[in-house]
Amino acid sequence: MNSTITSISGIEVGHYTDLTNGTGCTVVLCKNGAIGGVDVRGGSPGTRETELLRPMRRVSKVHGVVLSGGSAYGLDASTGVVQYLESEGIGITAGPTIVPIVSSAILFDLGVGNPDVRPNASDGISACKSATSEPVPQGNFGAGTGATVGKILGIGSAMKGGIGSAFLRLPDGTSVGSIVAVNSWGGVVSHKDQSLLAGPLTGDPKRPTDTLTLLLESGPNPVGDALSNTTIGIVATDATLTKEEANFLAQVSHDGLALSINPCHTIRDGDTMFCMSTSGRTASSDITSLCAAAVEVTAQAVVNAVITATDLFGFRSASTFRNDISCS
12 MNSTITSISG
22 IEVGHYTDLT
32 NGTGCTVVLC
42 KNGAIGGVDV
52 RGGSPGTRET
62 ELLRPMRRVS
72 KVHGVVLSGG
82 SAYGLDASTG
92 VVQYLESEGI
102 GITAGPTIVP
112 IVSSAILFDL
122 GVGNPDVRPN
132 ASDGISACKS
142 ATSEPVPQGN
152 FGAGTGATVG
162 KILGIGSAMK
172 GGIGSAFLRL
182 PDGTSVGSIV
192 AVNSWGGVVS
202 HKDQSLLAGP
212 LTGDPKRPTD
222 TLTLLLESGP
232 NPVGDALSNT
242 TIGIVATDAT
252 LTKEEANFLA
262 QVSHDGLALS
272 INPCHTIRDG
282 DTMFCMSTSG
292 RTASSDITSL
302 CAAAVEVTAQ
312 AVVNAVITAT
322 DLFGFRSAST
332 FRNDISCS
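Okay, so the sequence shown: first residue is 12 according to the numbering used here, each after it adds one.
See below:
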């Protein structure tokens, strides 16, 4: 059973994963075009082609969204996605040519692995070539390869983040899914019961600690002030949405981040969520139901990202502590 975003007809996901250097990128394709929306939060975002997704802009459809590591350098992966889609004849007609519309957001993973190696155009093409409608690999894949969480005490005390996906179907058959690369300054908790899943490692032996408790009791640690964060993702649906509704769904999906990341949307993060509406069906569910579903799948995707991640480059994962910390 596919319980990831690719359960939505018309959505394909591909990863480029570089475990040697600790980085990667993920592409979500809708080759027929999807009504797009976006909401950018936090103090340190890095994006491309987000302004055209605003309701007042003329272009309404996006053909791909890229989530990438590599900080600002990782935006180069989008160039490869544009080139790939052009070679496939996918894009909007603009005079004598075709222009694929590809939006993207990046996270900072240069503190993991080799900081001199970042996703580039060639890697974006590789991600496109690997894109399928099969269940999305989660954990240390794509944009989640070098992701870490819980950095209030600095990167040295962080735990492994990753990329996760989730999906649900509403009673009328409408599909809603999400994919999120979790690289947060804050820790990660279960959105079901707020049990701790991942956070800064403290004590002897080292154990995950609640970031919010540390913050309220001691304040930020200067070594935790590096711009080594940002959670980025996409919520998608087959419901037919207007551009305004797609932007609203992207906005509300941030509630899912806030349910599972604590604290969320800090000045040290550049959290960004996109929306893609494939318009595959006319939903009887109203926008409120769609928003509730978007929040749920986004929160679950964050949890899945952390519990499927494995140890990498010395960063310990939630699975290391599975016997002691609830990861359900």
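Where a beta carbon is used, it is the ideal one built from N, C-alpha and C, also for glycine.
Inter-residue distance for I19 and V191 is about 16 angstroms (C-alpha atoms, whole angstroms). Unbroken alpha helix (DSSP H) stretches of 4 residues or longer found wholly inside the stretch 208-255: 222-229, given in chain order. Note that the C-beta distance between T159 and G198 is not below 7 angstroms.
Each residue's CA atom was taken as its position, placing H74 and E60 some 12 angstroms apart.
Taking the Cα positions, L30 is about 27 angstroms away from T220. Excluding the 5 residues flanking it on each side, Y84 has same chain C-beta neighbours closer than 6 angstroms at R129, in chain order. One Cα belongs to S55, the other to V313, and the distance between them is close to 20 angstroms. With contacts defined as CB atoms closer than 7 angstroms, A261 and D50 qualify as a contacting pair. By the Cβ criterion, the stretch 202-215 is in contact with the stretch 167-180, since at least three pairs of Cβ atoms, one from each stretch, lie closer than 8 angstroms.
When DSSP reads this structure, I101 sits in no beta bridge, so it has no partner. DSSP places T31 outside both helix and strand once states are collapsed to three, so it counts as coil. Taking the Cα of G21 as reference, the smallest distance to any Cα among G44, S239, P66 and T108 is reached at G44. Between the stretch 105-115 and the stretch 61-81, the count of Cβ pairs shorter than 8 angstroms is three or higher; the stretches touch. In this structure, the alpha-carbon of L164 lies about 37 angstroms from that of L40. Cβ contact annotation for A329 (same chain, cutoff 6 angstroms, sequence separation greater than five): L208, A209, V317, I318 and C338, in chain order. Every alpha helix (DSSP H) stretch that sits fully inside the stretch 275-324 and reaches 4 residues is listed by chain position as 298-319. Residue range S186 to V193 is occupied by the beta strand (DSSP E) that includes S186. Burial is judged here by how many other beta carbons sit within 10 angstroms of a residue's own beta carbon; D282 has at least 16 and is buried. Within the DSSP bridge table, the entry for K171 names T159 as partners.
Taking every protein chain shown into account, the CB of A177 has 16 or more other CB atoms within 10 angstroms, so this residue is buried. No Cβ-Cβ contact shorter than 7 angstroms links I117 with S89. In chain order, H202, G267, L270 and S271 place their CB closer than 7 angstroms to the CB of A310, counting only its own chain and leaving out the 5 sequence neighbours on each side.
By the neighbour-count criterion, in which 16 or more other beta carbons inside 10 Å mark a residue as buried, S98 falls on the exposed side. Here the C-alpha atom of D249 lies approximately 10 angstroms from the C-alpha atom of L301. The beta strand (DSSP E) runs of length 3 or more contained entirely in the stretch 33-67 are, from start to end of the chain, 34-51. Within the DSSP secondary-structure output, L78 pairs in a beta bridge with T37 and A116. Pairwise C-beta distances place the stretch 60-69 out of contact with the stretch 271-280, as fewer than three of them are shorter than 8 angstroms.
Annotation for I136: the continuous alpha helix (DSSP H) segment containing it runs A132 to K140. Excluding five sequence positions before and after S296, the CB atoms of its chain that fall closer than 6 angstroms to its own CB belong to L181, D183 and T185, given in chain order.
Comparing C-alpha distances from G124 to each of G100, N151 and P107 shows the shortest one belongs to N151. In the structure shown, the three-state DSSP call for V93 is helix. By the neighbour-count criterion, in which a residue is buried when 16 or more other Cβ atoms sit within 10 angstroms of its Cβ, T108 is exposed. For K140, same chain residues with a beta-carbon under 6 angstroms away, outside a window of 5 residues either side, do not exist.
Taking the Cα of V38 as reference, the smallest distance to any Cα among R327, N315 and G153 is reached at G153.
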